[in-house]
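Engineer: Numbering (this note's numbering), first residue to last: 58 to 487.
Even for Gly, the Cβ is constructed at its ideal location relative to N, Cα and C.
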Ligand code: C2E
Ligand code: MG
Ligand code: MG
């Protein structure tokens, strides 16, 4: 269909170039090219348009061909260019950029416009590989990095890319296993009311457990879980376990405490969140008023109307809703007004220097005024010192969460904490 040579031909020519490079000081570049979104074109516009598009891509790639170069089709929507007689790496980058630009232009077929872009990964012989196998693998690795960064770009292979790819794969496997075995651990951090000094609730904070028993904090695995989609399974475990724990503490006669659970923006995608929350509340027999869901402002960035519908449904269940890390995102205040939000949690970055920094003070004061006029409560996060606590109390915050009152702790320690609570409350309030 494209009449380009195949992988076997490319491999043969690479072997010749490697032999030549051995005799003299010569370099060549292998560019791996993969179309972005080609499957979509095939699915939406049909296979015959897809075939025409591949033929058009092949024709465009042939325009860059110079003496000694090979343009090959490796299969599907994957192509490769062997760039011989390479003067320097800039020449390789130049060609890769040219390939991206060439393929970006739309193709008109049958009166229909089809556009795809390409991800190009480049490996250079001898620096990035001594043999065909390494060069192909490394160019592929770079190509996946380009695609992972959004496509329509090129990427040189870098030695640590392989290592990072291996580490990511190992983390994926560990996360899958941990999900299967329900091995995540929850720690609980108390939230204290500033007028009475009582503990009113706790935030459930997830930790991963390594085989040696040590714990991994969220930044070590949540970003990857967001990328590979495992965040949905992890969130479900966290939500269920937190609800189970809250219900068990209630049955054991602990004071009435509200359990806060963090949500990922991903959980709002499928519109099944309110239903899942209702089911889990039902299974664990937790009073919905004892559950609080924390969302960050980025949730509000995409498809705000869908998010509002779901938040309203959650609110109708009786669940409390709070906005976490408030002040760090880009949420517009007019959205905040439209949301069924009960509490704003001021991000720790504004609390850290609140005692000395006048702009932080102004921000805290503004958030308190905003929240109270919209009938929302304000929680100051990351309070570490008595000075910070006194300041935010004076500024009108309703509650605090932070190391000063209590670090995140395992369930058993949290029980001890609640038992000692009267004492803690007395010192917290001074
Ligand atoms: P976050 O929801 O803002 O949680 C507060 C973070 O601040 C926690 O970090 C807590 O340990 C830390 N912190 C609390 N008080 C203080 C303090 O006084 N000083 C300082 N320096 N830090 C304090 P952690 O446990 O590492 O969690 C980090 C983030 O990971 C959380 O930030 C939250 O965004 C996310 N996360 C944690 N658990 C979950 C979860 O189950 N699901 C989701 N989607 N995200 C989670
Ligand atoms: Mg939180
Ligand atoms: Mg926070």
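Report yes if the C-beta distance between residue 394 and residue 436 is below 8 Å; otherwise report no.
Structural biologist: no
Engineer: How about residue 349: is its Cβ closer than 7 Å to a heavy atom in ligand 3?
Structural biologist: no
Engineer: Taking the straight line between their C-alpha atoms, what separation do you get for residue 236 and residue 342?
Structural biologist: 23 Å
Engineer: Kindly list the residues whose CB is nearer than 6 Å to the CB of residue 313, restricted to its own chain and excluding five residues on each side of it in sequence; keep chain order.
Structural biologist: none
Engineer: Which residue or residues does DSSP assign as beta-bridge partners of residue 85?
Structural biologist: 182
Engineer: What is the chain-ordered set of residues for which the beta carbon lies under 7 Å from any non-hydrogen atom of ligand 3?
Structural biologist: For ligand 3, the selected residues are 381, 382, 402, 404, 405 and 438.
Engineer: Out of curiosity, what's the CA-to-CA distance linking residue 328 and residue 82?
Structural biologist: 60 Å
Engineer: Excluding sequence positions up to five away, which residues of its chain have a Cβ less than 8 Å from the Cβ of residue 60?
Structural biologist: 115
Engineer: For the candidate residues 107, 262 and 153, whose alpha-carbon lies nearest to that of residue 167?
Structural biologist: 107
Engineer: Going by C-alpha to C-alpha distance, which of 383, 335 and 360 sits closest to residue 351?
Structural biologist: 383
Engineer: Measuring alpha carbon to alpha carbon, tell me which residue in 465, 463, 464 and 434 is nearest residue 450.
Structural biologist: 434
Engineer: Locate the alpha helix (DSSP H) running through residue 280, then write down its first and last residues.
Structural biologist: 279-285
Engineer: Nearest-angstrom Cα distance between residue 228 and residue 253?
Structural biologist: 44 Å
Engineer: Taking its Cβ as the centre, do 16 or more other Cβ atoms sit within 10 Å of residue 416, making it buried, or is it exposed?
Structural biologist: exposed
Engineer: Examine the Cβ distances between the region 271-283 and the region 331-346 and report whether three or more of them are shorter than 8 Å.
Structural biologist: no
Engineer: Sorted by chain position, which residues of the same chain lie with C-beta nearer than 7 Å to residue 58's C-beta, five sequence neighbours on each side aside?
Structural biologist: Apart from the 5 residues on each side of it in sequence, residue 58 sits with its Cβ closer than 7 Å to the Cβ of 108, 111 and 112 in its chain, given in chain order.
Engineer: Quick one: complete beta strand (DSSP E) runs, 3+ long, within the region 220-285?
Structural biologist: 242-250 and 256-266
Engineer: Mind reading off the beta-carbon distance from residue 354 to residue 380? Whole number of angstroms is fine, and I expect it under 8 Å.
Structural biologist: 6 Å
Engineer: Using a Cβ-based criterion (distance less than 7 Å to any ligand heavy atom), does residue 20 qualify as near ligand 2?
Structural biologist: Any property of residue 20 remains undetermined from this structure, which presents the chain solely from 58 to 487.
Engineer: Over what stretch of residues does the beta strand (DSSP E) that includes residue 120 continue unbroken?
Structural biologist: Taken as a continuous stretch (DSSP letters only), residue 120 belongs to no beta strand (DSSP E), as it is neither H nor E.
Engineer: Hey, would you say the C-beta of residue 298 is under 7 Å away from at least one heavy atom of ligand 2?
Structural biologist: no
Engineer: Identify every run of the beta strand (DSSP E) within the region 318-399, keeping only runs that are complete inside it and at least 3 residues long; order them along the chain.
Structural biologist: Taking only runs of at least 3 residues, the beta strand (DSSP E) segments lying wholly in the region 318-399 are 348-353 and 377-383.
Engineer: Please go through the same chain and pick out, in chain order, the residues whose beta-carbon is closer than 6 Å to the beta-carbon of residue 248, but skip the five residues on each side of it.
Structural biologist: 257, 258, 456 and 458
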